[in-house]
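Scroll down for the structure; my scribbles are underneath it.
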Amino acid sequence: MMERFQQLYARLSLREQRVLMLGAAAALVLLIIAVVMPLQSGVTAAAQRVTHERDDLSWLQSLGPQLGALRMTTPAPLRESLVVLVDRTAREAGIGKSLVGSQPSGSGGLSVRFEQAPFDALVTWLSQLGDRYGVQAESATLEAAKDPGTVDATLVLRTH
168 MMERFQQLYA
178 RLSLREQRVL
188 MLGAAAALVL
198 LIIAVVMPLQ
208 SGVTAAAQRV
218 THERDDLSWL
228 QSLGPQLGAL
238 RMTTPAPLRE
248 SLVVLVDRTA
258 REAGIGKSLV
268 GSQPSGSGGL
278 SVRFEQAPFD
288 ALVTWLSQLG
298 DRYGVQAESA
308 TLEAAKDPGT
318 VDATLVLRTH
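Each residue of the sequence shown is one higher than the one before, starting from 168 at the first, in the working numbering.
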């Protein structure tokens, strides 16, 4: 195969040989630009992602003992009914005016309805209910309210 190519090349004029060499060089450059360089940039990006993910993993592993300690703390037992607790803590969190109703739901649960509650305050309130009193949201339905950053929410809360 190589001999045949050399014979064909030898039969070409000097000008045709130069054109063939320039064409081969241009094809090689195009191959490098079209294939090798994108592959190299993809490998570099993947290596950076792996490094970033390893850093994240190390950070999360360093938080493990702290998170384990948080799980060990048990919330204080409720000294008031769930209805009273929800009303009091909602007012303390600044979302009491958004609390429009509550009714018992199943055994020991409470369905609570908020209208135009600030989303961030609602999430913070739910987190505090869980951390301090062991009250968890069994289900939640959230819809964007007319004002930006506010939601209409129906929550079913239960003590655990």
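Backbone N, C-alpha and C define an ideal beta-carbon position, used for all residues, glycine too. Source: prediction; values computed, not measured.
What are the boundary residues of the alpha helix (DSSP H) that includes residue i?
{"i": "residue 183", "result": "181-198"}
{"i": "residue 203", "result": "Looking at the DSSP string, residue 203 is not in any alpha helix (DSSP H), and its letter there is neither H nor E."}
{"i": "residue 169", "result": "169-178"}
{"i": "residue 260", "result": "No alpha helix (DSSP H) holds residue 260; DSSP gives it neither H nor E."}
{"i": "residue 301", "result": "Premise fails: residue 301 is in no alpha helix (DSSP H) and is neither H nor E."}
For residue i, which option in the options has the closest C-alpha, if you only look at C-alpha atoms?
{"i": "residue 300", "options": "315, 252, 277 and 279", "result": "252"}
{"i": "residue 293", "options": "310, 257 and 215", "result": "257"}
{"i": "residue 274", "options": "195, 305, 183 and 267", "result": "305"}
{"i": "residue 324", "options": "226, 314, 316 and 296", "result": "296"}
{"i": "residue 298", "options": "194, 210, 312 and 327", "result": "327"}
{"i": "residue 246", "options": "174, 310 and 302", "result": "302"}
Put residue i into one of helix, strand or coil per three-state DSSP.
{"i": "residue 272", "result": "strand"}
{"i": "residue 232", "result": "helix"}
{"i": "residue 248", "result": "coil"}
{"i": "residue 312", "result": "coil"}
{"i": "residue 280", "result": "strand"}
{"i": "residue 306", "result": "strand"}
{"i": "residue 267", "result": "strand"}
Over the uninterrupted beta strand (DSSP E) stretch that includes residue i, give me the two end residues.
{"i": "residue 319", "result": "317-326"}
8 Å is my cut-off, CB to CB: does residue i come that close to chain B?
{"i": "residue 323", "result": "In the structure shown, chain B cannot be found, because there is only a single protein chain."}
Taking 8 Å as the threshold, find out whether the segment 309-320 comes into contact with the segment 274-288 through three or more Cβ pairs. The segment 309-320 is in contact with the segment 274-288.
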